[in-house]
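Just so you know, the protein sequences line up as chains D and L, in that order.
Taking our numbering, the leading residue of the first sequence gets 4, the next gets one more, and so forth.
Taking our numbering, the leading residue of the second sequence gets 15, the next gets one more, and so forth.
Every residue gets a Cβ at the ideal spot worked out from N, C-alpha and C, and that includes glycine.
These figures come from a predicted structure and were not determined experimentally.
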Amino acid sequence: MKALQNLGIAIFLVGLGIFTALPFLGTFNLDQSTFDQIIAEKKIKSELFVADMQQQVVGKEFTGMIDLSSKIGTAIENANATHSKNKEYKKKIYTKVSDMASLIGKRSGKGYIAENKGIMWFLTFGLGIIGSLMFIIPQVVTLGKKGIKNDGIYHQSSTNRGWIAWLVFIFLVSFYMVLYFGSEYAVNWTFLVDPISESLSGNPAGHWFVYGFMYCVIMTVMAVRMYIKYRHNMYQMVRTTSVLFFQIIFAFLIPEIMVRLQMPYYDFKNAFPLDYDFFFQWNLKSLINSGGIGLFILVWGVVLTVVIVPVMVYFFGKRWYCSWVCGCGGLAETLGDPYRQHSNKSLFAWKVERWLIHGVLVFAVVMTGMTLYSFFAETGTVLGIKTSSIQNTYSLAIGSIFAGVIGTGFYPIFGNRVWCRFGCPLAAYLGFVQRFKSRFRITTNGGQCISCGNCSTYCEQGIDVRAYAQKGENIVRSSCVGCGVCSAVCPRGVLKLENGPEEGRINPTEVLLGNDVDLMELVNKK
Amino acid sequence: MNHIVIIGNGIAGVTAARHIRKNSDKKISIISAETDYFFSRTALMYVYMGHMKFEHTQPYENWFWKKNRIDLIKGFVESVEPQNKTVILANGSKISYDQLIIATGSKPNKFGWPGQDLDGVQGLYSKQDLDKLEANAPNNEVCKRAVIVGGGLIGIEMAEMLRTRDIPVTFLVRESSFWNGVLPAGESALINEHILNHHIDLRLETNLLEIKADENGRAKAVVTDKGETIECNVVGLTAGVTPNIDFLKDSGIELGRGVKVNRHLETNIPDIYAIGDCAEQHEGIGNRRPIEAVWYTGRMMGETVAQTICGNKLEYKPGHWFNSAKFLDVEYQTYGWVFSERSMKPYEKHFHWRHAKENICITVAYNNETNLFLGINTFGIRMRHEIFDRWLTEERDVNYVMEFLKDANFDPEFYASYEDEIITKFNTENGTTISPKKKSWKRIFNNA
Chain D
4 MKALQNLGIA
14 IFLVGLGIFT
24 ALPFLGTFNL
34 DQSTFDQIIA
44 EKKIKSELFV
54 ADMQQQVVGK
64 EFTGMIDLSS
74 KIGTAIENAN
84 ATHSKNKEYK
94 KKIYTKVSDM
104 ASLIGKRSGK
114 GYIAENKGIM
124 WFLTFGLGII
134 GSLMFIIPQV
144 VTLGKKGIKN
154 DGIYHQSSTN
164 RGWIAWLVFI
174 FLVSFYMVLY
184 FGSEYAVNWT
194 FLVDPISESL
204 SGNPAGHWFV
214 YGFMYCVIMT
224 VMAVRMYIKY
234 RHNMYQMVRT
244 TSVLFFQIIF
254 AFLIPEIMVR
264 LQMPYYDFKN
274 AFPLDYDFFF
284 QWNLKSLINS
294 GGIGLFILVW
304 GVVLTVVIVP
314 VMVYFFGKRW
324 YCSWVCGCGG
334 LAETLGDPYR
344 QHSNKSLFAW
354 KVERWLIHGV
364 LVFAVVMTGM
374 TLYSFFAETG
384 TVLGIKTSSI
394 QNTYSLAIGS
404 IFAGVIGTGF
414 YPIFGNRVWC
424 RFGCPLAAYL
434 GFVQRFKSRF
444 RITTNGGQCI
454 SCGNCSTYCE
464 QGIDVRAYAQ
474 KGENIVRSSC
484 VGCGVCSAVC
494 PRGVLKLENG
504 PEEGRINPTE
514 VLLGNDVDLM
524 ELVNKK
Chain L
15 MNHIVIIGNG
25 IAGVTAARHI
35 RKNSDKKISI
45 ISAETDYFFS
55 RTALMYVYMG
65 HMKFEHTQPY
75 ENWFWKKNRI
85 DLIKGFVESV
95 EPQNKTVILA
105 NGSKISYDQL
115 IIATGSKPNK
125 FGWPGQDLDG
135 VQGLYSKQDL
145 DKLEANAPNN
155 EVCKRAVIVG
165 GGLIGIEMAE
175 MLRTRDIPVT
185 FLVRESSFWN
195 GVLPAGESAL
205 INEHILNHHI
215 DLRLETNLLE
225 IKADENGRAK
235 AVVTDKGETI
245 ECNVVGLTAG
255 VTPNIDFLKD
265 SGIELGRGVK
275 VNRHLETNIP
285 DIYAIGDCAE
295 QHEGIGNRRP
305 IEAVWYTGRM
315 MGETVAQTIC
325 GNKLEYKPGH
335 WFNSAKFLDV
345 EYQTYGWVFS
355 ERSMKPYEKH
365 FHWRHAKENI
375 CITVAYNNET
385 NLFLGINTFG
395 IRMRHEIFDR
405 WLTEERDVNY
415 VMEFLKDANF
425 DPEFYASYED
435 EIITKFNTEN
445 GTTISPKKKS
455 WKRIFNNA
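Right under this line is the structure:
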């Protein structure tokens, strides 16, 4: 078994190694006719750029994107500098270097990688999947009898912030940096999934398709791990199936198929304000111009946030979204499960959490307010502030860096819910409902708690569950996503997630059930 | 200002300190030689198993004590001088008190076995024991086999711990079936099977005669009363605990096995109280034993004594008995009294149900003549404390308990439920026609 697992790791690492090497490999040769096409498509009027590119790039062979991308970058920058000096603003190129380089790279990819997509897919994704499953599936046997399987978590480098964890951290952060800020280096990755993208939407894959596909693959593989680890716990089995279903069907397949049907790309479960650009001008225009389905999406998006989300939170707690439906939650509960113990449980962290997450919510709401005002008043500024610059700041700081780079990249160090706990504006909104108007709570079972601390340790949201349980108090916290792991790891059967009457849901107690009845009354009355 | 000195920073002492602080402005000092800060003793096993780090076992952050003006003193109390109201530490320093709370807990039993003090022989109670085990049994190369002596809760925990590092474990149990002085036969049998399934070499009806030393004075083997010599590197002594009160021998405080206290948790000397594992009631309360080494009773005594010290003199009145434990992967809960065959009352009758395949079973005890519900043990099913506490107070009969059993289920959502199966068996055995009622929130929250 152990040998099989080690072989699995080796195969996985080969796949990962090839995947990681791809941004530095590949042959790119931009021919004249493709270049002319791009000039026409992009409506480029800068003769300086065209001349520069003709001389430096067109007809030349490049290995890897680094050289090519820097040539394109220089060409754009030089051209723009000259045009600015000459006040020829119409000739300036406003396409980002990264986007231009991705476009050119995608169209000019030649050689083995671009021509053997199937094989290359197998050598990366294929080996990765096979290798990880070879590591994971034997756990049915190696983990032993069903039950809680946290043995050795704090003895292992990968799950105890050791060197493996730091390598994973570096890899994840770099991956997200490429995704958000250097998509030209993802060009080779897009080739691997072109056939899949073409079969779904009819279009070749972009780097976001790579991400979406990878997201589903990783969640599926890691869900197998969840199924094995928590096979004694039906709640975890059902919940894992649910997040997987919503990711694959709603976040991945439906939007791609909608594109094929000439409809707007839309994830029906992604609620505003997590979906922060829902009310952005370009999105509203695209929806309005898409006829019936566009209007339906517009109405659905509003109803989802204003009615469906809070009503569901009232009945089931915010878990119905955060740990049953949401994609961010889905990744956190599958890929992130080995890291859940790293969330900080200190009071200080809780204070930081409340300032940050509510700050982001305010930011999102103000930005959306400005956006809508700008849209209806047909102006670009509100009180002298450019709406687009606020939008760009949010997209960069919150949408990309917080949610992506930090949110997922920091899994191995700060735990798997950094974004959900500290940043997600939707979570903040659901949290208000959960805290003040909901039937959901985690019930503490009388006086059975022995303060062991398993619940707090494994709470991914950094809630000090024990602080409540050892006082016999139910846990009603806005940040709880209802993953159910505190209840699972409790050795004494103290915690239960349930939806019940609001009355008595919050039950501060000092003296616990089991002691002198008069004393309990005396102390708990206060 | 009144100075309250508490000896021992376990659950009893710390609970007392917290409640005294809530109710008063008295000066509070807690003395401990074990650790700087309060930790949960019950969680030590998880540190060795790698589920947690030691810091995770500490329920309060380190700033908590200063903020609540609870002084923590690291030191070993050598003696108490009631006549001067002074506590003397091993380093010679003296601390005077106005009121003293003794909450020093227990220490593992040693029954005078030859070799019981050798290196490699240890109990599992304190932080120091945990550190020792980490040194004695870091892996299965250093510790090629461990022998555990004493088939109780700590013994099975220690076996579980060692097994997570693939260390072969031999488990010597005096009784003919695991913990059958407490558990009824069916349940004890289930745990026997479960222990064997975890590849623990369970030896029932086997006693330790002697621990043999190697040339360095380390344990190298045990000899059993079956005439067998078992080679091992670690011997775990887990045959129960005794109050940790040696330092009180000459203090004039009345001692039995523990510190003798009345129902107000007062000792024979005014202003000295004892709580937790080390306190011994003159007479057991109800069916309880005079000394109860249980987590929650320590906490309850702390809650109670704090009231008395803050001027609201209260008797210690523990409510209905309850407890829980985990045997490897099987959770156990109990509410009310279910006795083993050995100590069963003459009127006590048991109904037992066991799942065909899974490690799930329940035993319900009731009065043979009146049908009064006495208690329930559950294995692999979680039950709701409040519901059973209420039913015991209301003196419900067993038929009522069966009828509303679904209200009492505390398993996580989507778990299979077994009430229908259980009640069918009950009906067959007793000729009753009980049909289980659907779970009702109204009844659970008692506002029907």
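Rounded C-alpha distance that separates residue i from residue j
i	j	result
V224 of chain D	P141 of chain D	13 Å
F192 of chain L	T56 of chain L	20 Å
F341 of chain L	N206 of chain L	10 Å
T220 of chain L	D239 of chain L	6 Å
Y230 of chain D	Q239 of chain D	8 Å
E64 of chain D	L33 of chain D	8 Å
L364 of chain D	A431 of chain D	7 Å
A462 of chain L	R263 of chain D	Per-residue confidence for A462 of chain L stands at a pLDDT of 45, beneath the threshold of 50, marking its modelled position as unreliable; no derived number is given.
A13 of chain D	W124 of chain D	18 Å
V436 of chain D	R480 of chain D	10 Å
V249 of chain L	L186 of chain L	11 Å
Y342 of chain D	H296 of chain L	51 Å
G593 of chain D	V314 of chain D	Any property of residue 593 of chain D remains undetermined from this structure, which presents chain D solely from 4 to 529.
F212 of chain D	S101 of chain D	17 Å
C329 of chain D	K272 of chain D	7 Å
K451 of chain L	E427 of chain L	18 Å
Closest by C-alpha distance to residue i, when choosing among the options
i	options	result
F275 of chain D	D:G67, D:G372, D:I260 and D:C483	D:G372
L498 of chain D	D:M217, D:Y471, D:D55 and D:V514	D:Y471
V220 of chain D	D:R263, D:A13 and D:L338	D:L338
C427 of chain D	D:D270, D:I199, D:Y279 and D:G215	D:Y279
I374 of chain L	L:A151, L:G316, L:I436 and L:I214	L:I436
Y414 of chain L	L:F428, L:G389 and L:H296	L:G389
V308 of chain L	L:N98, L:A117 and L:S46	L:A117
L204 of chain L	L:A422, L:Q142, L:N381 and L:N391	L:N391
L203 of chain D	D:F216, D:W192 and D:N191	D:F216
I401 of chain D	D:G332, D:M523, D:Y461 and D:L277	D:L277
L269 of chain L	L:G254, L:Y287, L:Y380 and L:E229	L:Y287
V135 of chain L	L:V61, L:Q113 and L:D228	L:D228
W367 of chain L	L:G241, L:A199 and L:K451	L:A199
K99 of chain D	D:Y183, D:E505, D:I416 and D:R242	D:Y183
K149 of chain D	D:W166, D:L516, D:K232 and D:I453	D:K232
Run of the alpha helix (DSSP H) containing residue i, from where it starts to where it stops
i	result
P258 of chain D	I257 to R263
Q130 of chain L	Run containing Q130 of chain L: none; DSSP gives neither H nor E here.
A615 of chain D	Here chain D comprises residues numbered 4 to 529, so residue 615 of chain D is not present and cannot be evaluated.
V520 of chain D	V520 to K528
N444 of chain L	E433 to N444
Limits of the beta strand (DSSP E) - the one that residue i falls within
i	result
Q113 of chain L	Q113 to I116
T243 of chain L	T243 to E245
E224 of chain L	L222 to A227
I162 of chain L	A160 to V163
I390 of chain L	F387 to F393
G350 of chain L	V344 to G350
Cβ-Cβ separation, residue j to residue i (assumed contact under 8 Å), whole Å
i	j	result
H65 of chain L	K41 of chain L	That pair is no contact at about 38 Å.
K108 of chain L	T100 of chain L	5 Å
Y324 of chain D	S441 of chain D	That belief does not hold up - the Cβ atoms of Y324 of chain D and S441 of chain D are roughly 12 Å apart, past 8 Å.
T252 of chain L	I162 of chain L	6 Å
V255 of chain L	S120 of chain L	4 Å
Interface flag, residue i vs chain A, CB-CB below 7 Å
i	result
F341 of chain L	Considering every chain present, this structure includes no chain A. Its protein chains are D and L.
Beta strand (DSSP E) segments (min. 3 residues) lying fully within the stretch 266-339 of chain L: 273-275, 286-288 and 293-295
Segments assigned alpha helix (DSSP H), at least 4 residues, entirely inside the stretch 407-466 of chain D = 414-417, 421-425, 428-439 and 457-460
**Asked** Which runs of the beta strand (DSSP E) spanning at least 3 residues fall entirely within the stretch 36-79 of chain L, listed in chain order?
**Response** 41-46
Would you mind listing the alpha helix (DSSP H) stretches within the stretch 73-147 of chain D that are 4+ residues and don't spill past its ends, in chain order?
100-111, 114-118, 120-124, 130-139 and 142-145
Ignoring anything shorter than 4 residues or poking outside the stretch 173-217 of chain D, list the alpha helix (DSSP H) runs there in chain order. 190-203
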